[in-house]
Amino acid sequence: MRSTEESMWNTLTRVAAKEVGLVKGVREFVQKLPLEAISAQTVVDRQWFNLGFINDTLQPSRTDVARHDVEAGEDNSLVPYDILAFDLQKGKVQHCLSINDRVASQLEKWQEAIQNHCKDGKPMYCVDPDHSMFLLCGTRRQFMNQIAPQVILTKKHIILVDDELAATDRTEFKFDRRTISRLYPTTSKIPLTDHTTYPPLTLNGTLRDLIGNDTNSEMTGSIFSSERLPLHEGRSELCSLISDDNAAWRATKGRFFCPPDELFPYSHTRGAYVSMEGTVNGLQIPIDGSAMVLNVKCGALWVIVGSPVFEDSGFRVSSFASVRTFADAEGMLQDSHWAHEAVLVSPGIDLIIRPNTPFATVALEDVCYTVENFYVTGTLVETFAGLAHTLCSSHISKSTSTSSSCLILQRFIIFLHAAFVQSDIDPDEFSHILDIGTPEGCSNFLAACAIAIMLDIFNASSYSERHAVYLASPQSNGGGDRYHYVRELGYELVKWLFARHTVVIRRESNTFPRSSRGIQDVSMAREAPYSPKVFLQSVGECMAGILHAATSTNGNENPSYKVSPMLLKDSVDVMIDHVFPRGHEDGGIVRLAYEKTLGALTMRANGQWPDTHLDFMRQNWIVKRKYNAPIFKSQVVQRWSAENPEELDFEEEENLKVVENTVPKGSNPKIDSYTAFWRAFNHSTGSTL
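Once you know that position 128 of the sequence shown is 248 in this note's numbering, the rest is easy, because the numbers rise by one and skip nothing.
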């Protein structure tokens with residue numbers, strides 16, 4: 121009998137042969153993959169495979185070697201589920217994977233990049249977790265019992281393995297019409313993508329057509345996948361635990377612009393995908409700067425994830441903060457920009473991916489999986505960058521409308537304003553607010569302010585004339601005013617932070633140190649403290665780079681490489697005039713910095729696209745609270761909710777609340793332990809991502 125600890129580790133690292141690893145008939149493509157002979161072991165009537173990288177990629181019959189090892193009773197040295205297994209037996213070809221040259225070349229590059237990021241033929245998250253962006257967190261039950269799973273998500277992607285759930289899914293969920301109809305009607309018309317051509321063709325069809333084509337795939341040779349299928353049911357227990365947007369939505373019910381009967385857009389945040397074996401979906405990022413939970417119901421999905429390059433001093437994140445890198449589809453494959461890791465996701469495995477993370481998927485079997493998107497306060501810097509990259513990059517998948525995401529983020533900003541400026545939230549919501557006394561918390565707080573200020577800019581539908589007319593109409597239920605209101609809250613959050621704290625920027629950026637060295641060296645910081653004006657100028661400069669990228673036709677240093685602009689310059693100019701009028705106290709500062717920076721970018725381009733980095737908030741901050749600071753009086757909420765705003769005298773208003781930015785230590789054990797775990801996790805992992 122193996123020890124409990126060894127058994128648990130093997131549970132985290134094994135791959136089911138029958139349900140996960142067998143893709144039949146992938147002949148020419150498989151021979152190019154760097155796979156090693158398979159050794160197998162039977163555990164509770166299930167076979168597990170061990171795969172690794174070798175130099176010889178042309179071994180003929182790997183399954184024969186595996187069968188011989190099983191008969192010999194040899195033990196298996198288990199490796200996690202990020203390497204592929206294929207059955208190459210002749211005469212059992214059920215589906216011929218037809219890959220065109222461009223897709224095959226892309227897959228080869230990913231294979232090479234993944235191999236370069238392995239150690240001794242094994243993935244980094246298995247042999248050297250400190251050098252990997254993935255963290256194996258045990259079973260779902262163990263993970264959900266932890267005090268602060270959101271803290272882990274601020275540092276790492278998460279892999280959860282649940283054998284009980286896997287057994288249930290394999291028994292109850294099959295790739296057939298009857299089972300898939302539980303998720304989505306198989307007779308409803310939906311967009312289907314044909315991957316046998318490049319670029320893939322989109323046509324109208326039904327899930328019944330997709331499943332029926334799979335049955336007759338030997339005759340047709342087609343590879344179909346569905347577009348995103350919205351699911352209207354509520355969130356899973358796992359997603360509800362690690363998300364903060366649900367709590368923000370609930371806490372803001374009945375507040376200004378937050379009708380109590382307004383429903384959370386679950387169909388926007390939760391969707392299903394059905395793909396035939398051989399489907400290759402190119403690079404994408406989670407929608408609108410959100411994080412996501414991917415769960416496979418049946419089949420097997422190979423998920424390739426881009427990770428920051430690890431250097432001696434830490435993870436280099438400059439590529440993830442670069443607009444040009446994301447806008448250049450070819451550049452996203454270069455090892456110099458980031459490393460690549462892969463996970464083979466099967467039933468019973470939950471893959472949680474952080475915002476602003478490029479990933480691609482390959483269906484190794486007929487697969488059905490769900491994706492849940494959510495927002496977390498601890499990753500708002502990545503959310504800001506993800507929103508920018510979604511707006512700028514034409515090749516990044518956009519499966520839903522941005523308007524619903526903006527609605528969720530609006531409630532998020534209203535929640536943060538109520539928590540910090542008004543000190544008006546329930547004690548149970550304390551675990552969902554930021555610890556702005558830490559560099560990470562301050563960065564995410566300022567990212568939230570920047571999102572609030574630029575939310576109109578990130579909403580791509582705002583640039584259409586039809587949408588602009590709709591927002592100005594009474595039927596929009598104040599849609600345009602809600603953007604304006606949230607933007608004013610963002611301005612006030614910035615003023616509140618600097619009225620209550622002194623914030624100084626360290627000069628060191630781009631690389632997050634992994635060592636435990638602190639931020640006591642004030643000589644590395646700017647002499648003058650940061651100020652609201654400097655922050656608003658930074659927002660304007662960053663906005664200029666984002667919109668310059670979105671309106672440019674040259675997306676690569678090579679002038680011959682042309683892409684269509686995401687936005688028209690005329691519509692952008694109209695939007696800027698509406699959102700940031702020159703005479704506005706705060707918006708005027710943003711507008712002036714925007715115009716100055718945009719002019720410099722245009723003059724410097726000379727046929728090439730200058731890069732723009734979004735890491736002006738990715739600094740290490742020195743945050744000190746001001747003692748005996750004057751009372752900060754909130755004005756925005758009272759001004760917008762008053763019937764006659766001009767009659768308000770904020771200097772004499774007595775019912776304005778005193779601002780307190782933290783809960784006294786000991787008053788709430790939950791938030792005290794949460795903060796302690798946050799700081800302990802920072803110290804143990806080192807990197808600040």
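Beta carbons: idealized from backbone N, C-alpha and C, even for Gly.
Is it right to say C238 is buried, meaning 16 or more other beta carbons lie within 10 angstroms of its own, or is it exposed?
buried
Between which residues of its own chain and V482 is the CB-CB distance below 6 angstroms, once the five residues before and five after are set aside?
V400, W422
CB-CB length for H552 against L613, believed under 8 angstroms
Not really, about 16 angstroms apart at Cβ, beyond 8 angstroms.
Report the three-state DSSP secondary structure of A567 (helix, strand or coil).
helix
Can you give me the start and stop residues for the beta strand (DSSP E) that R702 sits inside?
Premise fails: R702 is in no beta strand (DSSP E) and is neither H nor E.
Could you pull the DSSP bridge partners for Y489 from this structure?
Y393, V416
Based on Cα-Cα distance, which residue from V416, E397, R348 lies nearest to H388?
R348
Separation of R759 from P765, as counted between CA atoms
Summary for P765: the model assigns pLDDT 49, below 50, so the residue's position carries little reliability; its value from the coordinates is reported in the next sentence. Near 5 angstroms, if we compare the C-alpha coordinates of R759 and P765.
Buried/exposed call for K275, threshold 16 Cβ in 10 Å
buried
For the beta strand (DSSP E) holding P311, just list the boundary residues, first then last.
310 to 314
In the DSSP assignment, find the beta strand (DSSP E) that holds R745 and state where it starts and stops.
741 to 745
State buried or exposed for N366, treating a residue as buried only when at least 16 other CB atoms are found within 10 Å of its CB.
buried
The alpha helix (DSSP H) enclosing L358, as first and last residue numbers:
357 to 362
What number of angstroms, rounded off, separates the C-alpha of E585 from the C-alpha of F578?
16 angstroms
Coarse secondary structure for S551, derived from DSSP in three states
helix
Kindly indicate which residue of K615, L721, I573 has the alpha-carbon position closest to the one of V541.
K615
I need the DSSP call for H460, collapsed to helix, strand or coil.
strand
How many Å lie between G398 and L484 at the Cα?
6 angstroms
Would you decide whether R373 is buried or exposed? Buried here means 16 or more other CB atoms lie within 10 Å of its CB.
For clarity, residue 373 is Lys in the given sequence; the question names Arg instead. By the 10 Å Cβ count, K373 comes out exposed.
Between the CA atoms of R222 and V247 - distance to the nearest angstrom
33 angstroms
With DSSP as the reference, label N748 as helix, strand or coil.
coil
Taking Cβ to Cβ, would you say F466 is nearer than 9 angstroms to M396?
The identity of residue 466 in the sequence shown is Ser, whereas the question assumes Phe. Result no, Cβ atoms of S466 and M396 do not sit closer than 9 angstroms.
Quick check on DSSP: helix, strand or coil for K276?
coil
Comparing alpha-carbon positions, which option in R745, V654, C562 lies nearest V710?
V654
Within this structure, are the beta carbons of P478 and E502 separated by less than 9 angstroms?
no
Considering A68, what are the terminal residues of the beta strand (DSSP E) in which it resides?
Absent from the model: residue 68. The displayed extent of the chain is 121 to 809, so no value can be given.
With a threshold of 16 other CB atoms inside 10 Å of the CB of S754, please say whether the residue is buried or exposed.
buried
Taking the beta carbon of G719 as the centre, do at least 16 other beta carbons fall within 10 Å, making it buried, or is it exposed?
exposed
L471 versus V606 - alpha carbon distance:
33 angstroms
Between T522 and P350, what straight-line distance do the alpha-carbon atoms span, to the nearest angstrom?
15 angstroms
Output yes or no for whether 9 angstroms exceeds the beta carbon distance between S427 and A459.
yes
CA-CA distance, Y245 and I272?
14 angstroms
Taking Cβ positions, are D329 and L321 nearer each other than 9 angstroms?
no
Which of helix, strand or coil does DSSP assign to N111?
Residue 111 is absent from the structure shown; the chain starts at 121 and stops at 809.
Give me the residue from A669, E715, E608 with the minimum Cα distance to Q657.
E715
Please state the DSSP three-state secondary structure of P428.
strand
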